[in-house]
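J.:
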Amino acid sequence: MLLLARKKEELAQTAKLCESENVKVIHNSVDLSVASEKEMFDTIINALTGYKVTDFTASLIFHNVGSLGNLSIETSRIEEVQELREYYDLNVFKVISLNTQFLKIFGDVEDRIIIVNITSLCAIKPMSGMAYYCSGKAAREMYFRVLAEEKKNIVILNYSPGPVETTMIDLVIDKTVNANLKEVFTSFKNQGTLLKAETTVRKCIKVLVSGNLKSGDHIDFFDDE
């Protein structure tokens, strides 16, 4: 298992949680917003030292990178192009690039590839106050849907985990200038309706192993099984 993230200390903590007798965990602190294609490619290759791609019965990649964007500005006032570029670099463009490096490396076992894009209801339904986030999630999900159309041997899941109990909730409440958005997220927190990470992860794994997934589909935690 290879874990990539920007924050070294938190990444190490996550790696420790993933360790078990039968799981080898490698973690690498990488800022994906600025990493080059070669750096991404080499990072995956180096993690495979001692192994061939044919050694694995399945090759999975989870795209969970994500940021909220600027919550302190109304949609009608968005104009800073550099800020937009930086947002889409991390949340869309670099995701596509990393995914391409993965496909290059595991191309000989295409029928064993599983791609999970962690998406959101915001990818298919607009949410007031989250123009950056909604547009980024929508663009990213459409990329994976098109890929699913072109690569019939690859299993691709766009999984929406629902409202999860993370620091993202507090960040939205603290930073947004949109009163409706603040009210919605405050309600999630105060009413105890937030999901535990392990609860939504179990649903994601259940969807993958069920065999009923149509590649490219958007599946939400709250969807009927």
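So the sequence shown is numbered by UniProt numbering: it starts at 1 and just counts up by one. Idealized CB from N, CA, C, for every residue including glycine.
1) Should Ile105 and Ile156 be called a contact, given that it needs their Cβ atoms to be closer than 9 angstroms?
2) Using the Cα positions of Ala123 and Val95, report the straight-line distance between them to the nearest angstrom.
3) Mapping DSSP to helix, strand and coil, what is Leu157?
4) Pick helix, strand or coil for Val164, following the three-state DSSP scheme.
5) Taking all protein chains shown into account, do 16 or more other C-beta atoms lie within 10 angstroms of the C-beta of Glu141, making it buried, or fewer, making it exposed?
6) How big is the Cα-Cα spacing for Asn70 and Gly50?
7) Beta strand (DSSP E) containing Asp220: first to last residue?
8) Who are the near neighbours of Tyr88 in its chain, counting only those whose CB is closer than 8 angstroms to its CB and skipping five residues on each side?
9) Between Leu103, Ile26, Ile115, Asp42, which lies nearest to Asn64 when the distance is taken from Cα to Cα?
10) I think Arg112 touches Ala58, with their Cβ atoms under 8 angstroms apart; what is that distance to the nearest whole Å?
11) Helix, strand or coil for Val65, going by three-state DSSP, please let me know.
T.: On the basis of the supplied data:
1) no
2) 15 angstroms
3) strand
4) Three-state result, Val164: strand.
5) Glu141 should be labelled buried.
6) 43 angstroms
7) 218 to 220
8) Gly136, Ala139
9) Ile115
10) 5 angstroms
11) Looking at Val65 - three-state DSSP - the assignment turns out to be coil, as it is neither helix nor strand.
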